[in-house]
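Student:
In UniProt numbering, the protein residues as written are 1 to 64.
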């Protein structure tokens, strides 16, 4: 079961750890950056593609 993440840039994981930015090394998404829990990698911790998070953040700010 994956963790539900709100729109925009995830700054903290539900476990309380700050998020970090990493770069994908997979063949499907080479070099693509993503946010991840700074403490634990797993299904109950933050994972979100950076480009998608930034687009959502722009939408949130535009609606204010």
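Glycine included, every Cβ here is placed at the ideal spot set by N, Cα and C.
On the DSSP letters alone, give me the boundaries of the alpha helix (DSSP H) that residue 60 sits inside.
Tutor: 50 to 62 is the extent of the alpha helix (DSSP H) around residue 60.
Student: Just to confirm, is the Cβ distance from residue 45 to residue 9 under 8 Å?
Tutor: Not a contact, by the Cβ cut-off of 8 Å.
Student: Taking the DSSP output, what are the residues bridged to residue 20?
Tutor: In DSSP, residue 20 forms a bridge with 36.
Student: Could you name the residues that DSSP lists as bridge partners for residue 25?
Tutor: Bridge partners of residue 25: none, in fact.
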